[in-house]
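**Q**
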Amino acid sequence: MKIVYTDNNATTRVAPEVLEEMLPYFSELYGNPSSMHSFGGNVGREITRARERVAALINAAPDEIIFTSCGTESDNAAIHAALAANPEKRHIITSGVEHPAIKNPLEDLEKKGYRVTFVPVDDKGRLDMALLYESMTDDTALVSLMWANNETGVIFPIKEIAQRAAEKGILFHTDAVQAVGKVPIDVKDAPVDMLSLSGHKIHAPKGVAALYVKKGLKFSSFLNGGHQENGRRGGTENTASIIGLGRACELATEHLTEMDTRVRALRDFLETRLVELIPAATVNGDKGNRLPNTLNIGFTAVEGESILLLMDQAGICASSGSACTSGSLDPSHVLMAMEVPLESVHGTIRFSLSCDNTQADMDHIVTTLPPVIQRLRDMSPFWKQEE
Amino acid sequence: MWEYSDKVKDHFLNPRNVGQMEAPDAVGETGSLSCGDALKLFLKINENERITDATFMTFGCASAVASSSALTEILKGMTLTEAAKLTNDDIADYLGGLPKAKMHCSVMGQNALKNAINAYKGIQIMEKPGTMVCECFDITDLEIIDAVKKNHLDSVEDVTAYLKAGGGCGNCIDKIEEIVDSVKTQA
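As they're listed, the protein sequences go chains A and B. Numbering of the first sequence is given in our numbering, commencing with residue 1 and proceeding in unit increments. Numbering of the second sequence is given in our numbering, commencing with residue 1 and proceeding in unit increments.
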């Protein structure tokens, strides 16, 4: 059975060009980039090149890039650095719809005595900007907001917020893991202090990520060890994956236009057809201001896991915000924060596309999904035939 | 899907006895839209108090559908006395086991059945004995103590997996922990 993969916000396929550049560093080119000998030094030079490529994607300088092991590490390192740089400040601002890599460490800090403001969003997933700006005080050590939401694709006005934070002298971090490679990002234009990005969301392998740290920012390392990454992140470099990430960033730059045109058109087609063909289907999130690859759609009176598993029978990979698939008994905190109605919150499906997707993929979903929803509604006690 | 038994997959993909029943003798409902799963059970009962037919309507995940389907298959041919003794474990066993986090789906089956039998016998649902612990899922301390003892649960997570208690707002988690600890120290 052919697999139709539309779960690219979860992870992406490693691009063949990326894998090809990585392979020698698993075998013959195994040197340690920190070594004195030129056998290791040659690997070190490739790490330097990867750093330049990652920096270029977001218009940063190479020495502003720290390689890490995952988006979660980048996020945790950013929080750690901001608090260490402002030991006297006890307040942090974030949103109510952040990824667990921000949400959970900040909730922990709250228990340890920090004051954390979770700025709410409206029913379209848009930030309460007035409340955000009112919350910024002299005591605020950090504002951390995601560039784009992983579940709905809704984009926050990061440039405007970063400028405001800079005026107030507050450090600003953005978790841009979902935005990088999908929308243009320029850290000179949007003056963020720190930015997290992750390899496996942009066709590099899992286990490699980066944190952008603006030049001049006092950075204390989260992972304390050797002198790697200019003393800012201990641990021998994950050389092959870092080199892969470099190539993936180059490819991401090349694909930005395609993402905004062809992939966006595929997503829009899918959305339009599903809403036309399936009664009581609602798109979640600000339609005018979303990532071009993401569709979050809710179906009344059916449950997400059941939808996913029936789609799985047809080779379609997607994900759901329903309680039964989230590993807890609660529906996604993002959809709850947006107050998505209970009738459809358990029946939400996220399709997230990449440049690998085709029109044939969309056609397959459009043919498969309506009968799947109908079948589940036929056995649902909450579905009224007349609806 | 990968952690479900073949029997669960089969009953999810090919559910038995789906649909509303014409003129049922008893109906039992449990769950709600807000908790993410719900089951409506319909029974035909003959003059000898034997269940001659059972159908269901279910909103929920694969294991909820499979548990409902299994329940209707188990019930057909049983007397009400036999049915009243049915437990959630019987449903889970019939399906070759359920993942721990999905045990509450089998509990849902047991509850719907209990409600159907009570409705048939005209038994008014009395206020549950004990003290309410989990407001979200309407679970009392006595129910938690019972589940912990019977199933040898030893953590809040176990209790949540079996009863859903603590899986909603989370306000009662400390209380559940106390109950689990006190049952363990008694044991």
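Ideal Cβ positions, reconstructed from N, Cα and C, are used throughout, including at glycine.
Just confirm the distance between the C-beta atoms of Ser-220/A and Gly-71/A, as a whole number of angstroms; I'd bet it's less than 8 Å.
**A** Contact flag wrong, Cβ pair sits at about 20 Å.
**Q** Hey, is His-333/A's beta-carbon within less than 8 Å of any beta-carbon in chain B?
**A** no
**Q** Can you confirm whether Pro-15/B, when its beta carbon is compared against all beta carbons of chain A, has any partner nearer than 8 Å?
**A** yes
**Q** Nearest-angstrom Cα distance between Lys-164/B and Leu-153/B?
**A** 13 Å
**Q** Between the C-alpha atoms of Ala-23/B and Ala-280/A, what's the straight-line distance to the nearest angstrom?
**A** 29 Å
**Q** Any idea which residues DSSP pairs Val-121/A with across the strands?
**A** According to DSSP, which records beta bridges pairwise, Val-121/A is partnered with Leu-127/A.
**Q** Would you give the residue range spanned by the alpha helix (DSSP H) that Cys-249/A belongs to?
**A** If you look at Cys-249/A, you'll find it in the alpha helix (DSSP H) that goes 239-258.
**Q** Ser-322/A touches chain B at which residues, Cβ-Cβ below 7 Å?
**A** Gly-36
**Q** Grouping DSSP H, G and I as helix and E and B as strand, with all else coil, what is Asp-37/B?
**A** strand
**Q** Does DSSP classify Asn-88/B as helix, strand or coil?
**A** helix
**Q** Does any C-beta atom of chain A lie closer than 8 Å to the C-beta of Lys-40/B?
**A** Between Lys-40/B and chain A, the shortest Cβ-Cβ separation is below 8 Å.
**Q** DSSP has Tyr-30/A in a bridge; who is on the other side?
**A** Paired residues: none, contrary to the question.
**Q** Count the C-beta pairs between the segment 58-72 of chain B and the segment 84-99 of chain B that are closer than 8 Å, then say yes if the count reaches three, no if not.
**A** yes
**Q** Can you tell me whether Tyr-25/A is helix, strand or coil according to DSSP?
**A** Reduced to three states, the DSSP call for Tyr-25/A is helix.
**Q** Measure from the alpha carbon of His-346/A to the alpha carbon of each residue in Pro-99/B, Gly-36/B, Pro-15/B and Glu-29/B, then state which is nearest.
**A** Gly-36/B
**Q** Taking C-beta to C-beta, are Leu-193/B and Glu-343/A nearer than 8 Å?
**A** Nothing can be reported for residue 193/B: it is not among the residues displayed for chain B, which extend from 1 to 187.
**Q** Under 8 Å: do the segment 235-252 of chain A and the segment 49-56 of chain A share three or more Cβ pairs, one atom per stretch?
**A** Yes, since at least three Cβ pairs between the segment 235-252 of chain A and the segment 49-56 of chain A fall closer than 8 Å, the two stretches touch.
**Q** What do you get for Ser-182/B, buried or exposed, if any count of 16 or more other CB atoms within 10 angstroms of its CB means buried?
**A** Ser-182/B counts as exposed, since fewer than 16 other C-beta atoms from the protein chains shown sit within 10 angstroms of its C-beta.
**Q** If you run the structure through DSSP and keep just helix, strand and coil, what is Val-159/B?
**A** helix
**Q** For Val-18/B, which residues in chain A fall below 7 Å Cβ to Cβ?
**A** Met-379
**Q** For a contact defined as C-beta to C-beta under 8 Å, what are the partners of Val-65/B on chain A?
**A** Ser-306 and Met-379
**Q** Just verifying my parser: in three-state terms, what is the DSSP assignment at Thr-367/A?
**A** helix
**Q** Would you call His-227/A buried or exposed, if buried means 16 or more other Cβ atoms sit within 10 Å of its Cβ?
**A** exposed
**Q** With DSSP collapsed to three states, give me the class of Tyr-4/B.
**A** Coil.
**Q** What residues of chain B sit near Phe-382/A, judged by a beta carbon separation below 8 Å?
**A** Leu-33, Ala-38 and Phe-59
**Q** Between the alpha carbons of Ala-61/A and Met-146/A, how many angstroms are there, rounded?
**A** Ala-61/A and Met-146/A have their C-alpha atoms roughly 22 Å apart.
**Q** State the start and end residues of the unbroken beta strand (DSSP E) segment that holds Met-132/B.
**A** Annotation for Met-132/B: the continuous beta strand (DSSP E) segment containing it runs 132-134.
**Q** May I have a chain-ordered list of the beta strand (DSSP E) segments no shorter than 3 residues that lie completely inside the segment 168-237 of chain A?
**A** 171-175, 194-198 and 209-213
**Q** Just to check my reading of the structure: Leu-277/A and Val-366/A have Cβ atoms closer than 8 Å, yes? What is that Cβ distance to the nearest angstrom?
**A** At roughly 7 Å, the Cβ-Cβ gap stays under 8 Å, so Leu-277/A and Val-366/A are in contact.
**Q** Within a Cβ cutoff of 8 Å, which residues of the same chain sit near Pro-99/B, ignoring the five residues on either side of it in sequence?
**A** Closer than 8 Å at Cβ, skipping near neighbours: Glu-3, Tyr-4 and Ser-63.
**Q** Distance check for Phe-118/A and Thr-152/A, CA to CA, integer angstroms please.
**A** 18 Å
**Q** Taking Ala-141/A and Ala-82/A to be in contact with their CB atoms under 8 Å, please state how far apart those CB atoms are, rounded to whole angstroms.
**A** Going by Cβ atoms, the distance from Ala-141/A to Ala-82/A rounds to 6 Å, so yes, they are a contact pair.
**Q** Would you report the Cα separation of Val-65/B and Arg-267/A, rounded to the nearest angstrom?
**A** 31 Å
**Q** Can you tell me whether Leu-335/A is buried or exposed? The criterion is at least 16 other CB atoms within 10 Å of its CB, across all chains shown.
**A** buried
**Q** Cβ closer than 7 Å: which chain A residues qualify as neighbours of Ala-62/B?
**A** Those are Glu-305, Ser-306 and Leu-309, listed as they occur along chain A.
**Q** Quick one: measure Cβ to Cβ for Phe-59/B and Phe-382/A, integer angstroms, because I've assumed they're closer than 8 Å.
**A** Correct: roughly 5 Å between the Cβ atoms.
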